[in-house]
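K.L.:
Input: one structure, supplied below.
Protein chains in written order, with full-length UniProt numbering: chain F, 1 to 535; chain L, 1 to 748.
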């Protein structure tokens, strides 16, 4: 053959090839199907091919699909699929509605039905109005369910002067009246034990940190230690220990961890439980103290309220008191914050409570106003976030620790001047002891449902709480949530006080306006009530 | 006062002693003399009654053999041990001390009163206590910030306890038990409390569960990062593009340079080490032939270089690299000398770079020369630093001897080259200076000129100075020289010209060219019909603002005119009336009712992305709103009465921004974000609605204890690093290690 011939040959060959390939392309679907079928009929072990496969022909493209699109347990796995010598001719482009059964199928029939939700915000308009309505409803319901009063423990034959919490048992509570004292069981709301501790007033009482015994002080100038257990049949009700003092003791408190307690009267005495004379006495030019308290956190620190309108700080390890702040009026009691070592709140005769940072005594960091008469007692919640105060105006108020005004006020018709108050150590209850011989048990959170809550209930409570918090600034919600009924006397009195305060403010402003600039410095509310700090 | 009294008393006593000794002296003359003196003193009017005293021998003769010799002598303390003086030498020391004591005139201060001491004591004690108490600050703050506090703070893990924990005092009794226990003891396994081995306990103590979790997360993260980088590196390695790698290398080199620069500042020691590495890489390069244009590739390129620009460039680049790497490092110790040398030597190198312009046709022929100066120049600008990647291990070759020979050769060559270059420079220098105004000078050459000029300050600096000054000053002066004659001109002025400046300008203009201004303003008025006439707008006479201007002669007649112009200038930009009309129209537009489309996709038909609800449906759900009552300001052209406020809604709206928020947007955002289950997933809802304080019914909450403080401080120390890693750090959420079961079940 010539080279030309070869060339032509090769061209011819190329042409043939092209034609062949074209033909192949055209024929391929039918061919393929035939081959598949043939293979099936030959009886190979892979018999499931024909069931799952089909060939579809749409405009110029061929689809090879599996019959079952949905992955289910009995469909063949991808591995099997691959092994079955399949040829994917074209990308699968069939649109079907498909869902993952995991999204809607329950695992067992006892499960709750799954409700798929679309959280796309465009599908949920009016979210703010809806939540607002919910918040409004929650606020209203809160007021509806606000029934704080739980029980009244009556049995004292004289006004109740003091109370003590049991450090280990929530259900036990001690109360001292003006004639004797009683131990109470709160869950049964009954008196467990009565004993005549002192002649005259029981001024103060405290349970030892271990809860096995308690101390009382009374007007008969004695300190007595008693067993917590009830004496057995035939045994005499006798104190474990009696210390005779020189003067009347007005208050007592026990150390958090050691066998040391502190009393106050004419001076502040620190006692060892084993000794009959004080191991240390502090006096700083004052003739009488009304209250002394150990710091529950920094356990060596003490604070006392004195009759010279001062609050004195002590350190048990030092020979001298630490510092003294003198205020305009006398403080009745004080209480340390159990979660913040350096903060304490004192209840004052001038209707206010003052929260101090013990490091900066020159002014209180919050003045809590709302009472309309002298505040007689104060106690912190064990979480340290709030405290409760008892007042001569026959009400109890609950203050957030850093707010100037109370969040709650409790009163009943029959409750007289509240002398002593305690917040239970599980943060759920408040106990108030008042003049008219009763001890009252209150809920710390007026509308809270006590007892066990179902998880959904709990979630609902949390949600409504969050809603209230979120919309708290809205006028309607604020109005409803803040509304409290007050006895007429207290209401009018508070109104009067407001007027007086406004008048005083106006006068001061006017005086300042007409005096030489700078001669009347602006004194803030916090600075007003402190006279001096004595070092 | 007391001290003075004492002194007087002493003096008096001394007098007495003297008189006594005189008495004892005994002679009649003396007595007479004394009397005489007394008489004289009494004459002075100062009558002094003198007690007659009998002197005693004990003054002169002491039983301790100590006496004050002579009149008025005092007994020194050291005299008291005079008797002992002769015997021991050890007493000298005491004697000296005593003497010192005597010389020390200052008396001890009187002790403070009790009141004062107590005060000081109190203050000290208070300081101490307040310092002690302040330790709690961090804990308190942490608790305040905590998203959730679960009380009681330190809960015991709930759930059943192991028998070993409950039962105590159990002993092995049977021999088998004893054997087992002995085995256990030998292997340091726990016996009585066989829950944890000592090592396990120690590890537990070392790391709490939370910390461990955090640590694990940290490790996971690093592992992921590592694998990611590895993968990335692998991918990068597999890329075949040479360009990519070249760019990559360049980037790396730059980064390395930056790092090195920083290192020089921060960690000189490490930088020195790096320098050493560079030196090593340089040596290796010099030993090798890697970038010498002698490889296979280089030779092939050399053939191509004649025709291909790219190949030429590649060759040059290689040579550059070689130059880079073989550059001797500057040793910082004798930096100054080097600098001097360089400044002397630099010039010749630079000349070479101007040359290529002339010889652009075949720069390849110049080979190394053309690249060299470039590098040197860059070296001078930047510290000579060399990339790390060039000095890879395995580059060095075994045949070192050959290399060394070659190295010597190249050194010689370079020396020769240097000389030649210097010679060339001397020739070209003059030419260069004269050719200053050459048009197409590259940046590089200009730099070169700068350097040349620097070398010859007297000749060229004055020349360069004014040129530069002219280049800059026109822009400054232009602003000052532009005359603002018309309002259009004022508008043209950039806005940042201060008012005083414009005033100054206008006044000056008015002072000089009054007529021009007037005509111009008239023109401007004609041009802009919309312009507001200040006389119409401002009914009240505007107050003339007097400003301390430069002493220009401004006449009173021109005052009014000026005023007018100023007002016009002030209102030049705004067109109040049309703005108002526009506003009103906009509000009317907004108040007009719009068709409300309430169609929801997917109800009664298919819905989804890209699917439109059917027309019939849209028609059905399109609500036409009845037109609102006519606007109140419909017939009042000059007034807009806002009709937005709805009193029924206003009762539910917040009118003041509440306290913690700083702007309304913030507040609105918090309100807008929904909380409920309808809008959020279950987990989110739980997270959002979690209460701040959780207490358990019936659980006694004890006051916070000192142990917590120690723990918290430890946490605070490790805190920051932890917080970076995980969003649920201990500071954010203070929870006891195992909260009560009920709560947990709701949470997770």
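We put the beta carbon where it would ideally sit given N, CA and C, even for glycine.
Out of L:285, L:292, L:303, L:121, which one is the CA nearest neighbour of residue 326 of chain L?
P.N.:
L:285
K.L.:
Which two residues bound the contiguous beta strand (DSSP E) that contains residue 220 of chain F?
P.N.:
From DSSP, residue 220 of chain F is part of no beta strand (DSSP E); its letter is neither H nor E.
K.L.:
For the beta strand (DSSP E) containing residue 341 of chain F, name the first residue and the last one.
P.N.:
Looking at the DSSP string, residue 341 of chain F is not in any beta strand (DSSP E), and its letter there is neither H nor E.
K.L.:
So with CB distances below 8 Å, who are the chain L contacts of residue 339 of chain F?
P.N.:
140, 143, 703, 704
K.L.:
For residue 166 of chain F, which residues does DSSP report across the bridge?
P.N.:
Answer is none; residue 166 of chain F lacks a bridge partner.
K.L.:
Which class does residue 244 of chain L belong to by DSSP, given the choice of helix, strand or coil?
P.N.:
helix
K.L.:
How long is the line joining the alpha carbons of residue 719 of chain L and residue 298 of chain F, rounded to whole angstroms?
P.N.:
At residue 719 of chain L, the pLDDT of 42 sits below 50, so the modelled position is not reliable and the matter cannot be decided from this model.
K.L.:
Tell whether a beta-carbon distance below 7 Å holds between residue 337 of chain F and residue 382 of chain F.
P.N.:
With respect to the 7 Å criterion, residue 337 of chain F and residue 382 of chain F are not classified as neighbours on the basis of their beta carbons.
K.L.:
Can you find a heavy atom of the ligand GDP that lies under 6 Å from the Cβ of residue 694 of chain L?
P.N.:
Absence of the ligand GDP from the depicted structure is noted, as is the absence of any ligand whatsoever, leaving it without description.
K.L.:
Give the straight-line distance between the Cα atoms of residue 176 of chain L and residue 379 of chain F, rounded to the nearest whole angstrom.
P.N.:
60 Å
K.L.:
Would you decide whether residue 271 of chain F is buried or exposed? Buried here means 16 or more other CB atoms lie within 10 Å of its CB.
P.N.:
Flag for residue 271 of chain F reads buried.
K.L.:
Would you mind working out which of F:290, F:214, F:114 sits nearest residue 100 of chain F, comparing C-alpha positions?
P.N.:
F:114
K.L.:
I believe residue 129 of chain L touches residue 322 of chain F by the beta-carbon criterion, under 8 Å. Please report the beta-carbon distance rounded to the nearest angstrom.
P.N.:
6 Å
K.L.:
Checking the sheet assignment: what are the DSSP bridge partners for residue 473 of chain F?
P.N.:
The partner list for residue 473 of chain F (beta bridge, DSSP) is empty, contrary to what the question assumes.
K.L.:
For residue 320 of chain F, which residues in chain C fall below 8 Å Cβ to Cβ?
P.N.:
Among the protein chains of the structure shown, namely F and L, there is no chain C.
K.L.:
Just to confirm my understanding: we take residue 286 of chain F, look at its own chain, exclude 5 residues before and 5 after, and list those with CB closer than 6 Å. What are they?
P.N.:
Correct list, in chain order: 306, 308.
K.L.:
Under 9 Å, CB to CB, which of the residues in the region 121 to 148 of chain F have a partner in chain L?
P.N.:
Listed by position, the residues of the region 121 to 148 of chain F near chain L (Cβ gap below 9 Å) are 121, 123, 124, 127, 128, 130, 131, 132, 134, 136.
K.L.:
Can you confirm whether residue 698 of chain L, when its beta carbon is compared against all beta carbons of chain F, has any partner nearer than 7 Å?
P.N.:
yes
K.L.:
List, in chain order, every chain L residue whose beta-carbon is nearer than 7 Å to that of residue 425 of chain F.
P.N.:
Result: 700, 701.
K.L.:
Is the separation between the beta-carbon of residue 368 of chain F and that of residue 344 of chain F shorter than 7 Å?
P.N.:
no
K.L.:
Let me know the secondary structure DSSP gives residue 703 of chain L once reduced to three states.
P.N.:
coil
K.L.:
Let's see if you can read the secondary structure: which residues bound the beta strand (DSSP E) around residue 386 of chain F?
P.N.:
386 to 391
K.L.:
Please confirm if residue 297 of chain L has its CB atom under 7 Å from at least one CB of chain F.
P.N.:
no
K.L.:
Nearest chain F C-beta to residue 658 of chain L closer than 7 Å, yes or no?
P.N.:
yes
K.L.:
Should the region 354 to 370 of chain F be regarded as contacting the region 400 to 414 of chain F, the criterion being three or more beta carbon pairs within less than 8 Å?
P.N.:
yes
K.L.:
Within the continuous beta strand (DSSP E) that includes residue 429 of chain F, where are the two ends?
P.N.:
429 to 434
K.L.:
Span of the beta strand (DSSP E) holding residue 323 of chain F?
P.N.:
Residues 323 to 327.
K.L.:
Which word fits residue 613 of chain L, buried or exposed, when buried means at least 16 other C-beta atoms lie within 10 angstroms of its C-beta?
P.N.:
buried
K.L.:
Of all Cβ atoms in chain F, is any one closer than 7 Å to the Cβ of residue 136 of chain L?
P.N.:
At least one beta carbon of chain F lies nearer than 7 Å to the beta carbon of residue 136 of chain L.
K.L.:
Of all Cβ atoms in chain F, is any one closer than 7 Å to the Cβ of residue 652 of chain L?
P.N.:
yes
K.L.:
According to DSSP, what are the bridge partners of residue 410 of chain F?
P.N.:
F:396
K.L.:
Would you call residue 590 of chain L buried or exposed, if buried means 16 or more other Cβ atoms sit within 10 Å of its Cβ?
P.N.:
exposed
K.L.:
If you check the beta carbons only, do residue 160 of chain F and residue 175 of chain F fall under 7 Å apart?
P.N.:
yes
K.L.:
Figure out for me which residue from F:357, F:455, F:318 has the closest Cα to the Cα of residue 121 of chain L.
P.N.:
F:318
K.L.:
By the DSSP assignment, the alpha helix (DSSP H) with residue 103 of chain L in it spans what residues?
P.N.:
91 to 103
K.L.:
What residues in the region 272 to 303 of chain F have a beta carbon less than 7 Å from any beta carbon of chain L?
P.N.:
Answer in chain order: 296, 297, 298, 301.
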